[in-house]
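So the protein sequences, as listed, match chains F and S.
If you're matching positions, the first sequence starts at 445 in the numbering used here and goes up one per residue.
If you're matching positions, the second sequence starts at 7 in the numbering used here and goes up one per residue.
Cβ coordinates follow ideal geometry from the N, Cα and C atoms, glycine included.
Structure first, then comments.
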Amino acid sequence: MTLPTPSQTVGPFFSIGLPVTDPELVPPASEGAIRVSGTVYDGEGQTVDDALLEIWQANGAGRYDHPEDDREEAPLRDGFRGFGRGETDEQGRFAFVTVKPGAVPAPDGGVQAPHILVSVFARGLLKRLATRIYFPEEMAANEADPVLCAVDPQRRGTLVAVADGPRAYRFDVRLQGEGETVFFDL
Amino acid sequence: MTDAATRGGVLLGYRRETADPPYLHEDYLATRTRSPGHPLVPQPHTLSEVTGPVYGHERVVELDHDLTRRHAGEPLGERIILHGRVLDGDGRPMRNTLIELWQANAAGRYRHDADRHPAPLDPNFSGGGRTVTDDDGRYRFITVKPGAYPWRNHDNAWRAAHIHLSLFGPAFATRLVTQTYFPGDPLFSQDPIFQSVRDERDRRRMISSFDLGETVPEWALAYSFDVVLRGRESTPVEA
Numbered sequence: 445m446t447l448p449t450p451s452q453t454v455g456p457f458f459s460i461g462l463p464v465t466d467p468e469l470v471p472p473a474s475e476g477a478i479r480v481s482g483t484v485y486d487g488e489g490q491t492v493d494d495a496l497l498e499i500w501q502a503n504g505a506g507r508y509d510h511p512e513d514d515r516e517e518a519p520l521r522d523g524f525r526g527f528g529r530g531e532t533d534e535q536g537r538f539a540f541v542t543v544k545p546g547a548v549p550a551p552d553g554g555v556q557a558p559h560i561l562v563s564v565f566a567r568g569l570l571k572r573l574a575t576r577i578y579f580p581e582e583m584a585a586n587e588a589d590p591v592l593c594a595v596d597p598q599r600r601g602t603l604v605a606v607a608d609g610p611r612a613y614r615f616d617v618r619l620q621g622e623g624e625t626v627f628f629d630l
Numbered sequence: 007m008t009d010a011a012t013r014g015g016v017l018l019g020y021r022r023e024t025a026d027p028p029y030l031h032e033d034y035l036a037t038r039t040r041s042p043g044h045p046l047v048p049q050p051h052t053l054s055e056v057t058g059p060v061y062g063h064e065r066v067v068e069l070d071h072d073l074t075r076r077h078a079g080e081p082l083g084e085r086i087i088l089h090g091r092v093l094d095g096d097g098r099p100m101r102n103t104l105i106e107l108w109q110a111n112a113a114g115r116y117r118h119d120a121d122r123h124p125a126p127l128d129p130n131f132s133g134g135g136r137t138v139t140d141d142d143g144r145y146r147f148i149t150v151k152p153g154a155y156p157w158r159n160h161d162n163a164w165r166a167a168h169i170h171l172s173l174f175g176p177a178f179a180t181r182l183v184t185q186t187y188f189p190g191d192p193l194f195s196q197d198p199i200f201q202s203v204r205d206e207r208d209r210r211r212m213i214s215s216f217d218l219g220e221t222v223p224e225w226a227l228a229y230s231f232d233v234v235l236r237g238r239e240s241t242p243v244e245a
């Protein structure tokens, strides 16, 4: 068996090769559209203006647009792929427009609370950081979610977005230091 | 879920062993304030991580793989073919997977507002490309050899010449962004990004090979570089 090729940083110039064409997964005015935005901070509290974020999620029925998710009970929806790519601006801010994902199966036969997977790439990150965005109104589902439950309760809150107006959520990413976002070892 | 995703109805995850560098590599200054202080939280793979964006041919148009034919004229520099295969850890080809690439021009300058290296831009070179692997996992780019460039990480710091590569693979868990380097580069020893990979054998796996057999006489030299993505576990995820 061969180990994977080692990861290296995206550096500061990734936009030449990784065009940010997908921060809007659905049109902002479409039914069910939500906005998820936030700011990326480094360990000194400075905003990070050269980060790339990618999201991956199920559709509103909890179905992933992927050959390994063939559950007929959770139908695909036309045109929704579930992938988004965005970058931070000069103030370190990013924003995605998407739909709220449905609950998806957990390996043990239970369910996972609605969540969005996030990869953070940047200069100074030799490999991506992987995290998850959960939803604040899903309190019961979040309490039963197997991934959230495995996280130190003191830090769990970093994975839950904050309501930020109608159909809008705020999810800040802190790479290091106080309030550091929980990142997962995948 | 399909048979490939499960064994006995239980989800199969992706292998966790990697040769990746640590997040904190002191010699690479930007890691000091951007690397997490807490250890990563181990997480079993779920349906969310074994799925992922499956992008193929719909993202690529005809000349996306040829960085030398995007403008009215040809870019300056040493024309090269960069080719290879995308495999999993067991040597199986990763078919129909998107590879995105970006690089500096032959003078070591990126076409980006943040690059202040006083080397010339080339009006005939943008430095970005993309392609999709074929049924054998093969890919092929035509480009120019990038120059080294200075980056102020330490006194008289120069990056070894490199090309950035980004791959999705079949799942969120297989996402990889890496860089490929060129054989014999004298800058390896002082490049902390290259050196951040701890094992010398693993560093060597980021260096392409000069490939005389794939050169095109009177036209271009060739370098080969295989990319290995994480392979699938053979035993189910522990719930």
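Does residue i come within less than 7 Å of chain S when only Cβ atoms are used?
i, result
"F/Ala-518", "no"
"F/Thr-542", "no"
"F/Pro-597", "no"
"F/Gly-536", "no"
"F/Glu-622", "no"
"F/Gly-523", "no"
"F/Val-564", "no"
CB residue i to CB residue j, shorter than 7 Å?
i, j, result
"S/Glu-84", "S/Phe-178", "no"
"S/Ala-125", "S/Arg-115", "yes"
"S/Ser-240", "S/Ser-230", "no"
"F/Gly-546", "F/Gly-506", "yes"
"F/Thr-532", "F/Phe-538", "yes"
"F/Glu-488", "S/Thr-37", "no"
"S/Leu-104", "S/Arg-65", "yes"
"S/Pro-99", "S/Phe-174", "no"
"F/Arg-618", "F/Tyr-485", "yes"
"S/Thr-253", "F/His-559", "The first residue shown for chain S is 7 and the last is 245, placing residue 253 of chain S beyond what the model contains."
"S/Leu-127", "S/Ile-169", "no"
Are the C-beta of residue i and some C-beta of chain F separated by less than 7 Å?
i, result
"S/Asp-208", "yes"
"S/Phe-221", "The question names Phe, but residue 221 of chain S is Thr in the sequence shown. It does not: the Cβ of S/Thr-221 has no partner Cβ on chain F nearer than 7 Å."
"S/Ser-195", "no"
"S/Ser-54", "yes"
"S/Ser-24", "A quick correction: the sequence has Thr, not Ser, at residue 24 of chain S. S/Thr-24 counts as touching chain F."
Can you tell me whether residue i is buried or exposed? The criterion is at least 16 other CB atoms within 10 Å of its CB, across all chains shown.
i, result
"F/Asp-494", "buried"
"S/Asp-9", "Reliability of the predicted coordinates at S/Asp-9 is poor, the pLDDT of 49 falling under 50, and the value obtained from them is presented with this limitation in mind. So S/Asp-9 ends up on the exposed side."
"F/Trp-500", "buried"
"S/Asp-141", "exposed"
"S/Met-212", "buried"
"S/Gly-219", "exposed"
"F/Met-583", "exposed"
"S/Asn-162", "exposed"
"S/Ala-154", "buried"
"S/Pro-198", "buried"
Residues of chain S with CB under 9 Å from residue i, in chain order?
i, result
"F/Gly-482", "Neighbours of F/Gly-482 on chain S: none; closest Cβ ~16 Å, over 9 Å."
"F/Asp-459", "Checking the sequence, you will find Ser at residue 459 of chain F rather than Asp. Within chain S, the residues near F/Ser-459 are Trp-108, His-118 and Gly-134."
Does the Cβ of residue i lie closer than 6 Å to at least one heavy atom of the ligand NAD?
i, result
"S/Asp-217", "What this structure holds is no ligand at all, so the ligand NAD is not there to describe."
Mind pulling the chain F residues with CB within less than 9 Å of residue i?
i, result
"S/Thr-241", "What S/Thr-241 touches in chain F: nothing, since even the nearest Cβ is about 13 Å away."
"S/Val-138", "Result: empty, since nearest Cβ-Cβ is about 15 Å, beyond 9 Å."
Which bits of chain F does residue i rub up against, with CB to CB less than 7 Å?
i, result
"S/Gly-58", "Trp-500 and His-510"
"S/Asp-178", "Here residue 178 of chain S is Phe; the residue named in the question, Asp, does not match the sequence. Neighbours of S/Phe-178 on chain F, chain order: Trp-500 and Leu-561."
Cβ closer than 7 Å: which chain S residues qualify as neighbours of residue i?
i, result
"F/Arg-600", "By Cβ distance, chain S contributes nothing, its closest Cβ being about 10 Å from F/Arg-600, past 7 Å."
"F/Leu-619", "Arg-40 and Pro-42"
"F/Glu-488", "Thr-39"
"F/Ala-612", "Ordered by position in chain S, no residue passes the 7 Å Cβ test against F/Ala-612, which lies about 23 Å from the chain."
Against residue i, what residues of chain S qualify as contacts under a CB-to-CB distance less than 8 Å, listed in chain order?
i, result
"F/Val-454", "His-170, Ser-172 and Val-183"
"F/Asp-687", "Outside the shown range of chain F, which is 445 to 630, sits residue 687 of chain F, and nothing can be said about it."
Show which residues of chain F have a CB atom less than 8 Å away from the CB atom of residue i.
i, result
"S/Met-212", "Thr-449, Pro-450 and Gln-452"
"S/Arg-236", "Pro-448"
How about the segment 471-483 of chain F and the segment 549-558 of chain F: do they share at least three Cβ pairs that are nearer than 8 Å?
no
Say whether the segment 565-580 of chain F touches the segment 36-54 of chain S, bearing in mind that this needs 3 or more beta-carbon pairs closer than 8 Å, one atom from each stretch.
yes
Between the segment 19-37 of chain S and the segment 69-77 of chain S, are three or more C-beta pairs nearer than 8 Å?
no
Touch test, the segment 203-211 of chain S against the segment 138-156 of chain S, Cβ-Cβ under 8 Å, three pairs minimum
no
Do the segment 454-471 of chain F and the segment 188-197 of chain S meet, that is, are 3 or more Cβ pairs less than 8 Å apart?
no
Does the segment 612-630 of chain F come close enough to the segment 592-602 of chain F that 3 or more CB-CB pairs lie under 8 Å?
yes
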